[in-house]
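Peer 1: Please find one structure pasted underneath; my questions will follow.
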């Protein structure tokens, strides 16, 4: 894992990209689609998940409360669906996030509440 190995090249690259990602729960197959548009991009967003298991996302908070952080660390896999440099407007990234939520039906059958 990038954080365990502290790969500077990955850290640098992911910090310079915004994008849309998916979190897969390998235990039950449920999905969560999210986006990273903040200052340090994907790296910062994923670091939020590493820190607390939920990144303040309501659907994921419930999983951490129910099963614990170790469950998330064991069963959650992070995949980048789309990435953009910071010249792309935030609303474009958010529209793509919404597209993937709809395409993968994560509001009804996953962890997305919005």
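Numbering (my numbering), first residue to last: 1 to 114. Positions of the beta carbon are idealized from the N, C-alpha and C atoms, including for glycine. No experiment lies behind these values; they were computed from the predicted model shown.
Should residue 18 be labelled buried (16 or more other beta-carbon atoms within 10 Å of its own) or exposed?
Peer 2: buried
Peer 1: Compute the Euclidean distance between the alpha carbons of residue 2 and residue 43, then round it to the nearest angstrom.
Peer 2: Annotation note: pLDDT 49 at residue 2 (below 50); position unreliable, no value reported.
Peer 1: Taking C-alpha atoms, which residue in 91, 7, 20, 30 lies nearest to residue 60?
Peer 2: 30
Peer 1: Do you know how far the Cα of residue 33 is from the Cα of residue 82?
Peer 2: 11 Å
Peer 1: If I measure Cβ to Cβ from residue 106 and keep anything under 7 Å in the same chain, skipping five residues before and after, which residues do I get?
Peer 2: Residues of the same chain with a CB within less than 7 Å of the CB of residue 106, apart from the 5 flanking positions on each side, are 31, 32, 33, 112 in chain order.
Peer 1: Output the distance between the C-alpha atoms of residue 27 and residue 97, rounded to the nearest integer angstrom.
Peer 2: 23 Å
Peer 1: Can you give me the start and stop residues for the beta strand (DSSP E) that residue 34 sits inside?
Peer 2: 31 to 36
Peer 1: Going by DSSP in three states, residue 110 sits in which element: helix, strand or coil?
Peer 2: coil
Peer 1: Can you tell me the Cα-Cα spacing of residue 58 and residue 74, whole angstroms?
Peer 2: 20 Å
Peer 1: Cα separation between residue 109 and residue 53?
Peer 2: Cα to Cα, the separation comes out at about 20 Å.
Peer 1: Using 8 Å for Cβ pairs, my map puts residue 72 next to residue 37. What's the rounded Cβ distance?
Peer 2: So it is not a contact: roughly 23 Å between Cβ atoms.
Peer 1: Quick check: residue 15 and residue 55, are their CB atoms within less than 8 Å of each other?
Peer 2: no
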